[in-house]
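> Dumping the structure here so I can ask a few things about it.
Residue numbers (this note's numbering): 1088 to 1402.
Below, the structure written as structure tokens:
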């Protein structure tokens, strides 16, 4: 006896319950079954090929990445090696030398590409004090014999390398709009209310200016008019901007100034000779390279550059 919820199964009229008859009754299910079996056979092959291709791409990307990293590392290593092979020398030079020294550096590096030249410009007295306090300097190039001699007295210079290289002169530079000055004595006149000079305590140009004033007997009349600057470059700026009526600077500093008028040189013998010595500092970290630089500045090629900027070479 069958359950009420299970209808009685209808048989094929022929009485057959064969697979073929089932196929006739359920063609869609059998076709789907056949397709599924075919897919099961092919899927592992496709999956394997996909994995092989993916692995190949990963390997290729890794190889390219390794190559790029290696090339970058080699480039950095070459750059570091090149930097390590370049010796840096530090030149402490008087501010009045700045223009000529920039040209000389380019010429020197063209001859010695393995040497890097770094400048430290300032007043000669301040540069002297820096060396006395242990500043890392290779070459000292002041605007006065006094500063060089002070370091030699303290055994801070390689005396065998010290040379007198160029000389200069002091001049009056008049600010635009100020009446022409024909002599140093005219600075005592009422038309001149302010005179820019380097601080005599540390600036050789200021020391030479005071020598001229004293030797001409006009210092007392000019003292109240003096405006002290940290170096001659500051005096030049004051003249250009009209902050002072006149400035006492080096002849080389006055070259090319358009806002001022170069009026007159200091009388001959009115001040000590303005000699620029040069030498290698005894504690130089690169003494050989420093000597090469000093030797170059003593060459005829360097002398021609100094002349261009108004200096008088002594070699």
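Note that beta-carbon positions come from the ideal geometry of N, C-alpha and C, so glycine has one too. These numbers come from a predicted model, not from an experiment.
I need the straight-line Cα distance from residue 1232 to residue 1256, nearest angstrom please.
14 angstroms
> Look up residue 1315 in the DSSP assignment and say whether it is helix, strand or coil.
strand
> Let me make sure I understand the geometry here. Which of 1383, 1316, 1392, 1299 has the alpha-carbon closest to that of residue 1360?
1299
> Given a cut-off of 8 angstroms on the beta-carbon distance, is the pair residue 1195 and residue 1380 in contact?
yes
> Sort 1302, 1178, 1327, 1291 by Cα distance to residue 1337 and report the nearest one.
1291
> Residue 1390 lies in the alpha helix (DSSP H); which residues open and close that run?
Where residue 1390 is concerned, the enclosing alpha helix (DSSP H) stretches over 1387 to 1395.
> Write down the C-beta distance between residue 1218 and residue 1384 rounded to the nearest angstrom, noting that I regard them as a contact closer than 8 angstroms.
Contact flag wrong, Cβ pair sits at about 18 angstroms.
> Can you tell me whether residue 1205 is buried or exposed, with buried defined as 16 or more other CB within 10 angstroms of its CB?
exposed
> Quick one: using the 10 Å Cβ neighbour count with 16 as the cut-off for buried, is residue 1198 buried or exposed?
exposed
> If you measure between the beta carbons of residue 1331 and residue 1270, is that distance less than 8 angstroms?
Cβ atoms of residue 1331 and residue 1270: not closer than 8 angstroms.
> Can you give the Cα-Cα distance for residue 1241 and residue 1370, rounded to whole angstroms?
Each residue's alpha carbon lies about 12 angstroms from the other.
> Quick check on DSSP: helix, strand or coil for residue 1177?
The three-state reading of DSSP puts residue 1177 in strand, counting E and B together.
> Just checking: is the beta-carbon of residue 1366 within a distance shorter than 8 angstroms of some beta-carbon in chain D?
The structure shown contains no chain D; it is built from a single protein chain.
> Please state the DSSP three-state secondary structure of residue 1302.
helix
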